[in-house]
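Q:
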Amino acid sequence: MRRPVIFFLSWRQLKFTTYVFIILVIVIFVYRIGWELARQVFYPLWPRVIVIDPGHGGIDGGANCPGFLEKEINLAIALKLRQELEQQGVKVIMTREDDKALQDEAKRYTSRHRQDLTSRIEIIENYRPDLFVSIHVNANPRRPQTSGPMVFYNRRIPAAAQLATLVQQKLNEAAVEEGGKPHQARPAEYYLLRHSSYPGLIIETGFMTNTRERELLKQEAYQKRLAEQIAAGIYAYFLQQDIPVPEPTATKTTLAADGPGLQVYFPTADGEKLVAVSLPGEVKTWAQPHNSKELVRLLVEQLLAGPPQQGLEPVFVLDTRLLGVEIDNGIAVLNFSTAAVPTAGGSCQEQLALWALTETVCSIPGINGVKVLINGQERETFGKHLDLTRVLTPIKPKLKVAIVIDDLAGSNRGLEEMLALRRPLTLAIMPKLELTRPTAEKVHRLGYQVFLHLPMEPEKGKKSWLGPGAVTADMTPAQVRQTVLEDLADVPYASGMNNHMGSKITRRKDLMYEVLRVAKEKNLIYLDSRTTEDTVVPVLARELNMTVLERSVFLDDINSVTAIKKQIRELARVCRQNGEAIAIGHVGVTGPNLAKALREMVPWLEEQGIELVYVADLWSERSRR
Numbered sequence: 001m002r003r004p005v006i007f008f009l010s011w012r013q014l015k016f017t018t019y020v021f022i023i024l025v026i027v028i029f030v031y032r033i034g035w036e037l038a039r040q041v042f043y044p045l046w047p048r049v050i051v052i053d054p055g056h057g058g059i060d061g062g063a064n065c066p067g068f069l070e071k072e073i074n075l076a077i078a079l080k081l082r083q084e085l086e087q088q089g090v091k092v093i094m095t096r097e098d099d100k101a102l103q104d105e106a107k108r109y110t111s112r113h114r115q116d117l118t119s120r121i122e123i124i125e126n127y128r129p130d131l132f133v134s135i136h137v138n139a140n141p142r143r144p145q146t147s148g149p150m151v152f153y154n155r156r157i158p159a160a161a162q163l164a165t166l167v168q169q170k171l172n173e174a175a176v177e178e179g180g181k182p183h184q185a186r187p188a189e190y191y192l193l194r195h196s197s198y199p200g201l202i203i204e205t206g207f208m209t210n211t212r213e214r215e216l217l218k219q220e221a222y223q224k225r226l227a228e229q230i231a232a233g234i235y236a237y238f239l240q241q242d243i244p245v246p247e248p249t250a251t252k253t254t255l256a257a258d259g260p261g262l263q264v265y266f267p268t269a270d271g272e273k274l275v276a277v278s279l280p281g282e283v284k285t286w287a288q289p290h291n292s293k294e295l296v297r298l299l300v301e302q303l304l305a306g307p308p309q310q311g312l313e314p315v316f317v318l319d320t321r322l323l324g325v326e327i328d329n330g331i332a333v334l335n336f337s338t339a340a341v342p343t344a345g346g347s348c349q350e351q352l353a354l355w356a357l358t359e360t361v362c363s364i365p366g367i368n369g370v371k372v373l374i375n376g377q378e379r380e381t382f383g384k385h386l387d388l389t390r391v392l393t394p395i396k397p398k399l400k401v402a403i404v405i406d407d408l409a410g411s412n413r414g415l416e417e418m419l420a421l422r423r424p425l426t427l428a429i430m431p432k433l434e435l436t437r438p439t440a441e442k443v444h445r446l447g448y449q450v451f452l453h454l455p456m457e458p459e460k461g462k463k464s465w466l467g468p469g470a471v472t473a474d475m476t477p478a479q480v481r482q483t484v485l486e487d488l489a490d491v492p493y494a495s496g497m498n499n500h501m502g503s504k505i506t507r508r509k510d511l512m513y514e515v516l517r518v519a520k521e522k523n524l525i526y527l528d529s530r531t532t533e534d535t536v537v538p539v540l541a542r543e544l545n546m547t548v549l550e551r552s553v554f555l556d557d558i559n560s561v562t563a564i565k566k567q568i569r570e571l572a573r574v575c576r577q578n579g580e581a582i583a584i585g586h587v588g589v590t591g592p593n594l595a596k597a598l599r600e601m602v603p604w605l606e607e608q609g610i611e612l613v614y615v616a617d618l619w620s621e622r623s624r625r
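If you use full-length UniProt numbering, the sequence shown closes out at 625, no skipped numbers anywhere.
Structural data, given as structure tokens:
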């Protein structure tokens, strides 16, 4: 049996080896630090992924005029934008890099067009980007003096409004330099936006129907300037600058119960806002809310007839006929003749038509959304761009639901699946846990509203179940105040709070007074989770002259998808009854089933004309009443 050979290092060799090892560690450390610093300087957006979609292509030229092909301008700007973003470290995915269509050109037009849009959406979904940008050129043949880039977004996706606002601001700078008009970013019902899960923009880079702007868009220097400004807006978005998002400019009034008047909405000549036009007095005498079907027909016929005064624009061609009206659970189903579908004017005309139609019809009490049919059939798009597969709702929806997800940081099971819905969720985070700060920072960065989920002692159960930072019944009011302040400091970006358990505390006026006083002093929202019917929160709120909100429905008391879906239907019922509702669900044990139920039922809620919003949206409206 051979003995193993053992090697010994002399003291000098050991010192040398140690020095070499230390030097290698230092070199690696310096290299990593140097690389990180260099990356931040030269590649500040690495490793972001962005999909750039040059609109149209191949057989689909887009909106064209002599000497100008939209598909060519879209591609030229998109390629320049790719260069700008790649220089900042972005991984860019192009839906097309040359003049090709994304559909089978042998198919008939409607099928080809849908296949083209579906292919673009599949590319976006497959690459799971941080955001996507679709480049287009606008047209307004009715008003050729209209100019300036316009940015559109899906209002249902968190952070999309902020992204759109920042990019629009940058594009406005370029437009004003060339004598163009600045615009506000707008929500819109583009098919591409509504069927994508990720924050995205439709960017209309200018109006080809404006002679001056058409010539600008053909110039390489101006194309590069637009690309630079879009990239600058995206960069600002990733820096998470808190830019206030201006509300869309749409004059809204509603019909009172005694029927004092009816109004039809027409766009102004510049297409920037809608103006309400009152119908003649003799019409008002019979107009009552219970005549919903007749009222819808009356208003739509007036809209088709065109504006009665100068300075406003018609939105449908004169040959358009309304073939039928049905009311289905608060949704007005309108059947138009084929002439309703725009054949010219690009997305600008399409957007104005659906905007005016939706705001007009939804001004009637009990009508919460609009479904458009053409000759009795569903269509994918209105013209080439706007989505008709889903119910259209007003910019300021009439039915609103806020969903609060509790218990974050305790366990985050189901959270990623819920975030994948890309819908507004208010996320309530437990304080003083290992995951508290990382979770708050992550969801805030993704654009979600953050709440403190304040632990409070229940009537039944152990204090140890509450976790750290709990308000307990043996505390003095001063201790309660200090606890709430410490918990708020531990949950960054919290804009409000709701109670975790707390049936014993929320019936104590002396303790809840301090909780609400802190909320009022810091201008925070308080949502009463209503874990007891004996809550004193409403009484104290009146004494403190402050607005508080209450939970309407618990979604996941029973941990099954079927039971949760039943509760979501109950949530819709409460919302239709009251105009708004707040639901609470949880991550953790019930998280996976809740996420699955939401994934299946959120589209159903939207088909009912119900829009998901943040708790802050409901609180702001309630505070103004």
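All C-beta atoms in this analysis are idealised placements derived from N, C-alpha and C, irrespective of residue type, glycine included.
Scan the segment 77-154 and note each continuous alpha helix (DSSP H) run of 4 residues or more that stays entirely inside, going in chain order.
A: 109-127
Q: Along the chain, where does the beta strand (DSSP E) containing THR426 start, and where does it finish?
A: 426-429
Q: How big is the Cα-Cα spacing for TRP46 and GLY89?
A: 4 Å
Q: Please state the DSSP three-state secondary structure of THR18.
A: helix
Q: So which of CYS65, HIS56, ASP60 and CYS362 has the shortest CA-CA distance to ALA78?
A: HIS56
Q: If you count every other CB in all the chains shown that lies within 10 Å of the CB of LYS398, and 16 or more means buried, which is it?
A: buried
Q: According to DSSP, is ALA583 helix, strand or coil?
A: strand
Q: Excluding the 5 residues flanking GLY324 on each side, which residues of the same chain have their C-beta closer than 6 Å to its C-beta?
A: ASN335
Q: Near GLY306, which residues of its chain fall below 6 Å by C-beta distance, leaving aside the five closest residues on each side in sequence?
A: PRO314
Q: Fully enclosed by the segment 154-201, which alpha helix (DSSP H) runs are 4 residues long or longer?
A: Correct list: 160-177 and 191-194.
Q: Since THR531 contacts SER503 with CB under 8 Å, what's their CB separation in whole angstroms?
A: The pair is a contact, with the Cβ atoms about 4 Å apart (cut-off 8 Å).
Q: Do you know offhand how far MET94's Cα is from TYR222's?
A: 21 Å
Q: Among the residues of its own chain, which have a CB less than 7 Å from the CB of VAL587, if the five just before and after it don't count?
A: The residues ILE405, ASP407, LEU408, SER411, ASN412, ARG413, GLY414 and LEU415, in chain order, have a CB closer than 7 Å to that of VAL587 in the same chain once the five nearest residues on each side in sequence are set aside.
Q: Which residue marks the beginning of the beta strand (DSSP E) containing SER411, and which one marks its end?
A: For SER411, there is no enclosing beta strand (DSSP E), as DSSP gives it neither H nor E.
Q: What did DSSP end up calling PHE238 once you bin it into helix, strand or coil?
A: helix
Q: To the nearest angstrom, how far is the alpha carbon of THR254 from that of GLY376?
A: In this predicted model, THR254 has a pLDDT of only 36, less than 50, meaning its place in the structure is not dependable enough to derive any value.
Q: Answer with buried or exposed for PRO158, where buried requires no fewer than 16 other C-beta atoms within 10 angstroms of its C-beta.
A: Flag for PRO158 reads buried.
Q: Kindly identify the DSSP beta-bridge partner or partners of MET501.
A: MET456
Q: Let me make sure I understand the geometry here. Which of ASN593, ARG445 and PRO66 has the alpha-carbon closest to that of LEU239?
A: ARG445
Q: Using 8 Å for Cβ pairs, my map puts TYR470 next to LYS462. What's the rounded Cβ distance?
A: Per the sequence shown, residue 470 should be read as Ala rather than Tyr. The pair is not a contact, with the Cβ atoms about 11 Å apart (cut-off 8 Å).
Q: If we call anything under 7 Å between Cβ atoms a contact, is SER552 one with ALA597?
A: no
Q: Do SER196 and ILE123 have their CB atoms nearer than 7 Å?
A: Contact: no.
Q: Ignore the nearest five residues each way along the sequence and tell me which others in ARG108's own chain have a CB closer than 6 Å to its CB.
A: Residue placement at ARG108 is flagged as unreliable, the pLDDT there being 44, under the threshold of 50; a coordinate-derived value is accordingly withheld.
Q: Taking all protein chains shown into account, decide if ASP557 is buried (16 or more other Cβ within 10 angstroms of its Cβ) or exposed.
A: exposed
Q: Tell me whether GLU313 sits in a helix, a strand or coil according to DSSP, three-state version.
A: coil
Q: Report all residues from its chain with a CB closer than 8 Å to the CB of GLU459; omit the five preceding and five following residues, and keep chain order.
A: Cβ neighbours of GLU459 beyond the five flanking positions: SER503, LYS504 and THR532.
Q: How is ASN523 classed by DSSP in three states: helix, strand or coil?
A: coil
Q: Applying the 10 Å Cβ sphere with the 16-neighbour rule, what's the burial state of VAL480?
A: buried
Q: With the cut-off set at 7 Å, would you say LEU466 and PRO477 are in Cβ contact?
A: no
Q: Could you check if PHE21 is buried or exposed, using at least 16 other CB atoms within 10 Å of its CB as the buried criterion?
A: exposed
Q: Taking the beta carbon of ILE28 as the centre, do at least 16 other beta carbons fall within 10 Å, making it buried, or is it exposed?
A: exposed
Q: When the Cα atoms are used, what is the spatial distance from THR547 to ARG622?
A: 7 Å
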